[in-house]
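Q: Residue numbers (my numbering): 2 to 394. Submitted below is the structure of interest, expressed as structure tokens.
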Ligand code: PHE
């Protein structure tokens, strides 16, 4: 009795009344299916149309809902099978159905080569091994499966703060400017009125860099964004309104408030009749936008070689509103930046006439701003790339 005949009878009619005979029957069916599949693959096809046709015929023979072999097995073997054999028959049937999935035309077709056409190959003088997969671009992977899910990232908290700060100053008509992170000693120090003998050079714990080909340590990793003041003055002249967000480097031991690399934002305004009142007004506007409209500012005298007079600006503590708490160490104020009127020497070094123009400048740490804004107590957290920390922002 061949398979076509067997599948028209029930298991009882075939005398299959125990597990062994049932399994043997299914094994026979699966072997037949595999043999036909292999036969098609090794036989090849004369061309693409032929190949599709042969694949479709094989699929219909096995998988067609009506009159397909697997459907017939379902109808005649599985459904009427006796209760005690049903789990076994069900399992074997499912395995058969899964094996049958490979007879889907696209899967099958991708494994069936097209026979090389010797005549045209000789004429064309080239190999004609057709890549079967290329014939059907929708072959192989199951396009109905869900795609790989990738979690959405977000901007780093320091980047978010930098963008917000840029936004506030762009609104005021400032431009953003960048400069090199490997900077010459001239721009980082000399041009900013910090001569080599000046003790203030020690204030910036500097990382020196040896450039290829040079004998001395002529370059530094910039210790602040202030060198871009000079570069921008040389490039654009006056009047000038700009901010410089960027990375800076210091030879500091890492701890909760120090990192070898951190971010600064420099600000510079140069124009006719710029006064300290402009500095105070602009910075007051900035912190009210950034920390909230209730924020107050406080200026205290300070020293920087490139500003005269110089000041340290503090804002009323955003956590307690100025009453005194742990964040502001009970003082009610949090110091956030250095600032002052641009030193005449610096304007001159930038090619701007200090008799005609005056300016003001500031510089602050953007990481510190992010720490204040989000209540982060350890700067190192920003640079450890711990997703559990970063995804909170
Ligand atoms: N460059 C100074 C620093 O790194 C900050 C500053 C910039 C101060 C501009 C005054 C004016 O500490």
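For glycine and all other residues, C-beta sits at the position ideal for the given N, C-alpha and C.
Take residue 363 as the anchor and find which of 287, 351, 375 has the nearest alpha-carbon.
A: With distances taken between Cα atoms, residue 363 lies closest to 287.
Q: Relative to the C-alpha of residue 310, which residue among 283, 32, 28, 277 is closest?
A: When each option's Cα is compared against that of residue 310, the closest is 277.
Q: Can you give the beta carbon distance from residue 265 to residue 225, rounded, assuming they're within the 8 Å contact cut?
A: Rounded, the Cβ-Cβ distance is 6 Å, consistent with contact.
Q: In the DSSP assignment, the beta strand (DSSP E) including residue 298 goes from what residue to what residue?
A: Note, residue 298: beta strand (DSSP E), 298-305.
Q: Look at the alpha carbon of residue 221 and the alpha carbon of residue 149, and state the distance between them as a whole number of angstroms.
A: If you take the alpha carbons of residue 221 and residue 149, they lie about 45 Å apart.
Q: What residues in its chain sit with their C-beta under 6 Å from that of residue 306, if we drop five residues either side in the sequence?
A: 194, 195, 201, listed in sequence order.
Q: Which of the three DSSP states, helix, strand or coil, is assigned to residue 269?
A: Of the three classes helix, strand and coil, the one that applies to residue 269 here is strand, per DSSP.
Q: By the three-class DSSP mapping on this structure, what secondary structure does residue 4 have?
A: Residue 4: helix per DSSP, three-state reduction.
Q: Is any heavy atom in the ligand PHE found nearer than 7 Å to the beta carbon of residue 179?
A: Every heavy atom of the ligand PHE is 7 Å or more from the Cβ of residue 179, so no.
Q: Give the C-beta separation of residue 245 and residue 298 to the nearest angstrom, bearing in mind that I take them to be a contact with Cβ-Cβ under 8 Å.
A: About 21 Å separates the two Cβ atoms, so there is no contact after all.
Q: Shortest alpha-carbon distance to residue 228 belongs to which of 379, 343, 199, 283?
A: Taking only the C-alpha atoms, the option nearest residue 228 is 343.
Q: Can you name the start and end residues of the beta strand (DSSP E) that residue 313 belongs to?
A: 308-317 is the extent of the beta strand (DSSP E) around residue 313.
Q: Is it buried or exposed, residue 122, if we count other Cβ atoms within 10 angstroms and call 16 or more buried?
A: Because the pLDDT of residue 122 is 46, which lies under 50, any placement of that residue in the model is unreliable, and the question is left without a value.
Q: State the beta-bridge partners of residue 256 as determined by DSSP.
A: Residue 256 pairs with 259.
Q: If residue 113 and residue 58 are in contact, beta carbons under 8 Å, what's the gap, nearest whole angstrom?
A: Rounded, the Cβ-Cβ distance is 12 Å, inconsistent with contact.
Q: Checking the sheet assignment: what are the DSSP bridge partners for residue 116?
A: For residue 116, which the question treats as bridged, DSSP gives no partner whatsoever.
Q: Once DSSP output is grouped into helix, strand and coil, what is the label at residue 17?
A: Three-state result, residue 17: coil.
Q: Could you tell me whether any non-hydrogen atom of the ligand PHE is closer than 7 Å to the CB of residue 326?
A: Not so, every heavy atom of the ligand PHE lies at least 7 Å from the Cβ.
Q: What runs of the alpha helix (DSSP H), each 4 residues or longer, lie entirely inside the segment 333-380?
A: Here the runs fully enclosed are 345-350, 367-375.
Q: Please state the DSSP three-state secondary structure of residue 246.
A: If DSSP states are grouped into helix, strand and coil, residue 246 belongs with the strands.
Q: If you draw a straight line from the C-alpha of residue 334 to the C-alpha of residue 205, how long is it?
A: Their backbone Cα atoms lie some 25 Å apart in a straight line.
Q: Any idea what DSSP makes of residue 176, helix, strand or coil?
A: Residue 176 falls in the strand class under three-state DSSP.
Q: Quick one: any contact between the segment 351-361 and the segment 249-262, if contact means 3 or more CB pairs under 8 Å?
A: At 8 Å Cβ cutoff, the stretches do not touch.
Q: Looking at the secondary structure, which residues open and close the beta strand (DSSP E) in which residue 220 lies?
A: From DSSP, the beta strand (DSSP E) with residue 220 extends over 220-222.
Q: Can you tell me whether residue 393 is buried or exposed? The criterion is at least 16 other CB atoms within 10 Å of its CB, across all chains shown.
A: Exposed, because fewer than 16 other Cβ atoms sit within 10 Å of the Cβ of residue 393.
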